[in-house]
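Using numbering that gives the first Met the number 0, you'd call the opening residue of the sequence shown number 0 and step up by one each time. For reference, the structure is listed below as structure tokens.
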Amino acid sequence: MRFQRTDYTCGPASIVNALRALGIRISEGEIAALSKADPIDGVDENGLLRALRRLGYEHEVLPDVLSSEEAWQWISSQLRAGHPAILSVENFTHWASAVGMLGESRVIYVDPQEGLESNRRENGVRSLTRSGLTRVWGSRGRGRRRKYYAIAVVK
Numbered sequence: 000m001r002f003q004r005t006d007y008t009c010g011p012a013s014i015v016n017a018l019r020a021l022g023i024r025i026s027e028g029e030i031a032a033l034s035k036a037d038p039i040d041g042v043d044e045n046g047l048l049r050a051l052r053r054l055g056y057e058h059e060v061l062p063d064v065l066s067s068e069e070a071w072q073w074i075s076s077q078l079r080a081g082h083p084a085i086l087s088v089e090n091f092t093h094w095a096s097a098v099g100m101l102g103e104s105r106v107i108y109v110d111p112q113e114g115l116e117s118n119r120r121e122n123g124v125r126s127l128t129r130s131g132l133t134r135v136w137g138s139r140g141r142g143r144r145r146k147y148y149a150i151a152v153v154k
């Protein structure tokens, strides 16, 4: 798994990690260029989708769900099918990857941000329970309900 090379390429680095889970190697720089990552704004979901399309990868976007149960069902079914996902985390300010399942109740989560204390100890890879994943994933919407966004790479 790879850490992001700049402070604005967490999205491209998350695609790199998702594709590595499929055995595919590609550079963060190539994905950053295809997604039009910007030093000020980073990259949004449209840029990540554009990069995946230009690379020839099919994808599936998480439907508009509000419950952690629906989000968990979607991500766990994608991962069990062998489809790693890029997740919008930390209130839609950062991208990370979910690349596999450990049993039925844990997700292999990869955060490409090198400066985090937990990442220095764990190389950015963590095993998260359902509640651990849904705590970092998504953002609080109106009425304090959490919203989730993810892109699964369907090769």
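Cβ coordinates follow ideal geometry from the N, Cα and C atoms, glycine included. Quick caveat, the model's predicted, so the values are computed rather than measured.
Check: With DSSP as the reference, label I23 as helix, strand or coil.; Outcome: coil
Check: Check whether the region 47-56 touches the region 122-138, taking contact to mean three or more Cβ pairs, one atom from each stretch, closer than 8 Å.; Outcome: no
Check: Could I get the ranges of all uninterrupted beta strand (DSSP E) runs contained in the region 65-137, with 3 residues as the minimum, in chain order?; Outcome: 84-88, 93-101, 105-109 and 124-128
Check: Tell me whether I150 sits in a helix, a strand or coil according to DSSP, three-state version.; Outcome: strand
Check: Along the alpha helix (DSSP H) that carries E57, what are the first and last residues, could you check?; Outcome: Run containing E57: none; DSSP gives neither H nor E here.
Check: Shortest alpha-carbon distance to H93 belongs to which of E29, A149, L18 and R24?; Outcome: A149
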